[in-house]
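S.K.:
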Amino acid sequence: MNSLKAIASGIFFVIVAILVLQLTFILVAVGYNSLATSYPRLHSIATALKFVAIFPAIFGVMFLGGYITGNLSTSNVLIHCAIVGLISSVAFLWVALENAELSIIGIALTILMFIATMLGGKYSKSES
Numbered sequence: 008m009n010s011l012k013a014i015a016s017g018i019f020f021v022i023v024a025i026l027v028l029q030l031t032f033i034l035v036a037v038g039y040n041s042l043a044t045s046y047p048r049l050h051s052i053a054t055a056l057k058f059v060a061i062f063p064a065i066f067g068v069m070f071l072g073g074y075i076t077g078n079l080s081t082s083n084v085l086i087h088c089a090i091v092g093l094i095s096s097v098a099f100l101w102v103a104l105e106n107a108e109l110s111i112i113g114i115a116l117t118i119l120m121f122i123a124t125m126l127g128g129k130y131s132k133s134e135s
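Note that our numbering numbers the sequence shown so that position 127 is 134, with each residue one more than the last.
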């Protein structure tokens, strides 16, 4: 029962936090586009700015998801974190691929999400 609770809590946290990040990104993007109409030079850095902001934020969310899973798990922490990382990253990729095709950045982000979850679980047990 603890395994199920740990996995469900990690996945729930990741889903809610990713949705909050997406909402924040949309709000920032609207403001950025409004600002970019006045300053055309901002259009050239838009793509780089997205990746500089998104990758660390998603890494942090997945790390915390793994940390929560690791704290709630009594045994087999890395297996539980691997399940949370796999389900969360595949779900994220599946939703993202609905209207697009798979890219190198999408694959890199999925791998980063999985690794971050595992690191969060490992950190939660090394702290105890």
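C-beta: ideal position from N, C-alpha, C; glycine also.
Starting from the Cα of A60, find the closest Cα among Y74, I75, S45, V35 and give me that residue.
M.R.: As a first step, residue 60 must be located in the sequence shown, where it is residue number 53. Of Y74, I75, S45, V35, the residue nearest in Cα terms is V35.
S.K.: Since I believe S131 is in contact with G72 (beta carbons under 8 Å), could you give me their beta-carbon distance rounded to a whole number of angstroms?
M.R.: Counting from 1 along the sequence shown, the entry for residue 72 is found at position 65. Counting from 1 along the sequence shown, the entry for residue 131 is found at position 124. In fact, because the Cβ distance is near 11 Å, the residues do not count as touching under 8 Å.
S.K.: Three or more C-beta pairs closer than 8 Å, one from the segment 92-109 and one from the segment 27-34: is that the case here?
M.R.: The segment 92-109, when compared against the segment 27-34, does not touch it at the 8 Å Cβ threshold.
S.K.: Shortest alpha-carbon distance to M69 belongs to which of L11, T54, I122?
M.R.: Within the sequence shown, numbered from 1, the residue matching residue 69 stands at position 62. Closest by alpha carbon: I122.
S.K.: Check N83 in the structure and name its three-state DSSP category.
M.R.: Locating residue 83 in the sequence shown gives position 76, where the first residue counts as 1. Three-state result, N83: coil.
S.K.: Which same chain residues end up closer than 6 Å to Y39 when comparing Cβ atoms and leaving out the 5 residues on each side of it in sequence?
M.R.: Within the sequence shown, the letter at position 32 stands for residue 39. Result list for Y39: empty, nothing under 6 Å.
S.K.: So, at 6 Å on beta carbons, what are the nonlocal neighbours of T117 in its own chain, with the 5 sequence-adjacent residues on each side left out?
M.R.: What you label residue 117 is simply residue 110 of the sequence shown in a count that begins at 1. Excluding positions up to five away in sequence, the list reads S96, L100.
S.K.: By Cβ distance, which residues of its chain are closer than 8 Å to L85, with the 5 residues on each side in sequence left out?
M.R.: Mapped onto the sequence shown, residue 85 falls at position 78. Closer than 8 Å at the Cβ level, and outside the excluded window around L85, lie M125, G128, K129.
S.K.: Following the continuous alpha helix (DSSP H) through I22, name the residue where it begins and the one where it ends.
M.R.: Taking the first residue of the sequence shown as 1, we reach residue 22 at position 15. Here the alpha helix (DSSP H) through I22 covers 9-45.
S.K.: What would DSSP say about S131, mapped onto helix, strand or coil?
M.R.: Taking the sequence shown and counting its residues from 1, one reaches residue 131 at position 124. Note: S131 maps to helix in three-state DSSP.
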